[in-house]
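Engineer: Per this note's numbering, the very first residue in the sequence shown carries number 34; after that it's consecutive.
Glycine included, C-beta positions come from ideal geometry on N, C-alpha and C.
Note that the structure is a prediction, hence the values are computed from the model and not measured.
Okay, handing you the structure first.
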Amino acid sequence: MTTITRAGESVMTGRALDAFGRHIHYLRVSLTDKCNLRCVYCMPEQMVFRPSEELLTDDELLLVLRAANLLGFDKYRLTGGEPTVRPNLAGIVARIAALPGTREIAMTTNGIRLAQLAGPLKEAGLRRVNVSLDSLDEAKFHRMTRWGHVRDVLAGIEAAEAVGMTPVKINCVVIRGFNEDDIVSLARLTYERDWQVRFLEVMPFADVAEFQQANIVTTREMIERIEAGLGALVELNDGKLDGEAKIYRLPGARGEIGFISPVSAPFCASCNRVRLTADGTLRLCLLKDGELDLKTPVRRGASADDLADLMRQAIWHKPWGHDLAHGVIPLNRIMSEIGG
Ligand code: SAM
Ligand code: SF4
Numbered sequence: 034m035t036t037i038t039r040a041g042e043s044v045m046t047g048r049a050l051d052a053f054g055r056h057i058h059y060l061r062v063s064l065t066d067k068c069n070l071r072c073v074y075c076m077p078e079q080m081v082f083r084p085s086e087e088l089l090t091d092d093e094l095l096l097v098l099r100a101a102n103l104l105g106f107d108k109y110r111l112t113g114g115e116p117t118v119r120p121n122l123a124g125i126v127a128r129i130a131a132l133p134g135t136r137e138i139a140m141t142t143n144g145i146r147l148a149q150l151a152g153p154l155k156e157a158g159l160r161r162v163n164v165s166l167d168s169l170d171e172a173k174f175h176r177m178t179r180w181g182h183v184r185d186v187l188a189g190i191e192a193a194e195a196v197g198m199t200p201v202k203i204n205c206v207v208i209r210g211f212n213e214d215d216i217v218s219l220a221r222l223t224y225e226r227d228w229q230v231r232f233l234e235v236m237p238f239a240d241v242a243e244f245q246q247a248n249i250v251t252t253r254e255m256i257e258r259i260e261a262g263l264g265a266l267v268e269l270n271d272g273k274l275d276g277e278a279k280i281y282r283l284p285g286a287r288g289e290i291g292f293i294s295p296v297s298a299p300f301c302a303s304c305n306r307v308r309l310t311a312d313g314t315l316r317l318c319l320l321k322d323g324e325l326d327l328k329t330p331v332r333r334g335a336s337a338d339d340l341a342d343l344m345r346q347a348i349w350h351k352p353w354g355h356d357l358a359h360g361v362i363p364l365n366r367i368m369s370e371i372g373g
């Protein structure tokens, strides 16, 4: 049994609960705000990144993760920015894997550096990857990411599969005028490949919000397009979410198709996560600005126990959910500065 004694403190289990009774045990860890691409829906081409000294060092990061561990966090997803541009990535993964209580380490990546890194990362303890791939068409992919090549991403996916980081999940953000025509060919991949291809509604953030809101394609339209091209989708999992995605299969396909609909069908009720930004703040909700500064106490000598206390109290105040429907959007950071 869990006894709540004061703001968010559940003494019997040490678990982190919020005021709505959600058990928060999944931490998305942004390793850097930097990136080797410049996706149009994510950041401006002339993006200015934070100076390295503002980011948590490896030791500082591991101290915060030890604190998370004390609170019962057991799942970590490495993200960014682009996590594969962080120096010593495999070393960081190995240290997270060695924390008592770590059950799963996954990563979201653009896949560009994965062909080189899949082997060492798997050896270090990385279990799975989600790879972003917005189009199979070289020209469109390049237009969307500004700098990327599809062949590099496909090589990365193959390398991940070859070392057993499966099932691979593919993330495709659908943007009007850029790739809404490409989702049928991406969905078709599931006939041959054992992948979960997930289509995401674009979310609005700060300076990029105008573009994002003007060019959103809703899940309903995505489904209509795929069904018009490939026939009816069969709902899986009794319609329940798999993580954040509602999943389907094309009859006879090996893989699955998922839809992540934060704008048209928010999944806040089942949220079990918070985020650690690369500059050391605990962000309670992706789409709300509230954060807890952890870097200052870390640099003043706080222990893992001290940090765990601060985190537990902050998590108690995790907002119920986002308010996009009422026009409230995050203003203090864009997606790459939070960790998607
Ligand atoms: N760089 C890595 C990548 O692209 O996979 C990891 C970080 S990226 C911020 C994480 C995921 O968020 C990617 O799948 C990306 O496509 C998605 N993403 C970025 N901006 C988004 C937005 N405004 N709305 C929805 N998804 C977004
Ligand atoms: Fe970089 Fe990922 Fe943002 Fe694209 S979505 S610019 S790859 S952080």
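(1) Could you tell me which uninterrupted alpha helix (DSSP H) segments, each at least 4 residues in length, are contained entirely in the region 220–254, listed from first to last along the chain?
(2) Let me know if residue 165 comes out buried or exposed under the rule of 16 or more other beta-carbons within 10 Å of its beta-carbon.
(3) Just list the residues that DSSP pairs residue 140 with in beta bridges.
(4) Determine the closest residue to residue 73 out of 62, 242 and 303, with distance taken between C-alpha atoms.
(5) Would you mind listing the alpha helix (DSSP H) stretches within the region 46–123 that are 4+ residues and don't spill past its ends, in chain order?
(6) Starting from the C-beta of residue 92, find all residues in its chain whose C-beta is less than 6 Å away, skip the five residues before and the five after it, and write them out in chain order.
(7) According to the Cβ coordinates, are residue 296 and residue 357 closer than 8 Å?
(8) Output yes or no for whether 8 Å exceeds the beta carbon distance between residue 344 and residue 315.
(9) Report whether the distance from the Cβ of residue 223 to the nearest heavy atom of the ligand SAM is below 7 Å.
(10) Helix, strand or coil for residue 356 per DSSP?
(11) Are the beta-carbon atoms of residue 291 and residue 231 separated by less than 8 Å?
(12) So, under 8 Å CB-CB, residue 362 and residue 240 are touching, yes? Tell me the CB distance rounded to an integer number of Å.
(13) Got a sec, what are the start and stop residues for the alpha helix (DSSP H) residue 190 sits in?
(14) Which residues bound the beta strand (DSSP E) around residue 315?
(15) So is residue 372 buried or exposed if we call it buried at 16+ other beta carbons inside 10 Å?
(16) Taking Cβ to Cβ, would you say residue 118 is nearer than 8 Å to residue 75?
(17) Ordered along the chain, which non-local residues of its own chain (more than five positions away) have a Cβ less than 6 Å from that of residue 148?
(18) Only counting runs of 3 or more residues, tell me where the beta strand (DSSP E) segments fall wholly within the region 272–356, in order along the chain.
(19) Hey, would you say residue 258 sits closer than 8 Å to residue 206, going by beta carbons?
(20) Is residue 117 close to the ligand MG? I mean its beta-carbon at under 7 Å from any heavy atom of the ligand.
(21) Using three-state DSSP, classify residue 216 as helix, strand or coil.
(22) Can you tell which of 59, 311 and 225 has its C-alpha closest to the C-alpha of residue 89?
Structural biologist: Put simply:
(1) 242–247
(2) buried
(3) 111 and 162
(4) 242
(5) Counting whole runs of 4 or more residues, the region 46–123 contains the alpha helix (DSSP H) stretches 91–103.
(6) none
(7) Closer than 8 Å, so yes.
(8) Between residue 344 and residue 315, the gap from beta carbon to beta carbon is short of 8 Å.
(9) no
(10) Judged by DSSP in its simplified three-state form, residue 356 adopts coil rather than helix or strand.
(11) In this structure, residue 291 sits near residue 231, with a CB-CB distance shorter than 8 Å.
(12) About 11 Å; that fails the 8 Å criterion.
(13) 183–195
(14) 314–316 is the span of the beta strand (DSSP E), which, as asked, contains residue 315.
(15) Under this definition residue 372 is a buried residue.
(16) no
(17) Apart from the 5 residues on each side of it in sequence, residue 148 sits with its Cβ closer than 6 Å to the Cβ of 188, 189 and 192 in its chain, given in chain order.
(18) Look at the region 272–356 and you find these whole runs of beta strand (DSSP E), each 3 residues long or longer: 278–282, 289–293, 306–309, 314–316 and 324–326.
(19) no
(20) Inclusion of the ligand MG in the displayed structure is not the case, the ligand content consisting of the ligand SAM and the ligand SF4 alone.
(21) helix
(22) 311
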